[in-house]
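Visitor: Numbered by this note's numbering, the letters in the sequence shown go through residues 7 to 193 in order. Think of the CB as a built atom: it goes at the ideal place given N, C-alpha and C, for glycine as much as any other residue. Sharing a structure here in structure tokens format.
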Amino acid sequence: MAQPHLVVNGGSDFSTNAHFFTLDASEPRLRDWRGQSYGVDLVQIDGLGLRAKGLQPADPRAYRIYDAHVLAPCAGRVMLAVDGLPDMQVPEMDRAHMAGNHVMLRCEQADVLLGHLSPGSVRVRVGDAIAAGVWLGSVGNSGNTGEPHLHVHAQRPGPVGAPLGGDPLPILLDGRFPVRGDRIGSP
Numbered sequence: 007m008a009q010p011h012l013v014v015n016g017g018s019d020f021s022t023n024a025h026f027f028t029l030d031a032s033e034p035r036l037r038d039w040r041g042q043s044y045g046v047d048l049v050q051i052d053g054l055g056l057r058a059k060g061l062q063p064a065d066p067r068a069y070r071i072y073d074a075h076v077l078a079p080c081a082g083r084v085m086l087a088v089d090g091l092p093d094m095q096v097p098e099m100d101r102a103h104m105a106g107n108h109v110m111l112r113c114e115q116a117d118v119l120l121g122h123l124s125p126g127s128v129r130v131r132v133g134d135a136i137a138a139g140v141w142l143g144s145v146g147n148s149g150n151t152g153e154p155h156l157h158v159h160a161q162r163p164g165p166v167g168a169p170l171g172g173d174p175l176p177i178l179l180d181g182r183f184p185v186r187g188d189r190i191g192s193p
């Protein structure tokens, strides 16, 4: 992913990160999604800051980030690899498959999820040992997403039956904690 990226969700506050509400431990329905509380959503932008060709086109392929290669941010083992879910037309969402097509890596003591990949693009399987920089898949618009973007979050390993329910961990991109509105080089 060579062009700059814009953080559309990120940070440790409700006003900058739509995922942050899942940190509320008093709400039982959120426990299975707790790991994404510090999640970061990235879109690709051009020199003018535009994310797509046109104003919110329905075709996911019109978005700059669509089909961008997603590389492993760390060496680890593939814990989850989901593929085969369809891309959604913008702004439709698939709430039954929140992360859409995705890969979860176990990197030392943390699990890292990369979500909303395009159907048929996931290149790894559960159990694969991979090096940092390995091509995992391509950005799509599967799952609970209003437009193509890459969702990234880190967490402690989740409980059996709720792999995204681990304790959330903050992540750094380009050496800093990303917050909505930040521009990032290449994640």
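So, D89 versus P125, is the Cβ gap smaller than 8 Å?
Guide: Yes, the Cβ-Cβ distance between D89 and P125 is below 8 Å.
Visitor: Between the Cα of L156 and those of F26, T28, Y69, E114, spot the shortest distance and give me the residue it belongs to.
Guide: Nearest option by C-alpha distance: Y69.
Visitor: Specify the secondary structure class of L119 as computed by DSSP and reduced to three states.
Guide: DSSP places L119 in strand when its eight states are reduced to three.
Visitor: Starting from the C-beta of N107, find all residues in its chain whose C-beta is less than 8 Å away, skip the five residues before and the five after it, and write them out in chain order.
Guide: Correct list, in chain order: V88, D89, G90, L91, G121, H122, L123, S124, P125, S127, V128, G143, G146, S148, G149.
Visitor: Excluding sequence positions up to five away, which residues of its chain have a Cβ less than 6 Å from the Cβ of Y44?
Guide: Taken in chain order, the residues that qualify are P174, P176.
Visitor: Rounded to a whole number of angstroms, what is the C-alpha to C-alpha distance between W141 and P79?
Guide: About 10 Å.
Visitor: Helix, strand or coil for M7 per DSSP?
Guide: Confidence at M7 is low in this model, with a pLDDT of 42, below 50, so its placement is unreliable and the value that follows should be read with caution. DSSP places M7 in coil when its eight states are reduced to three.
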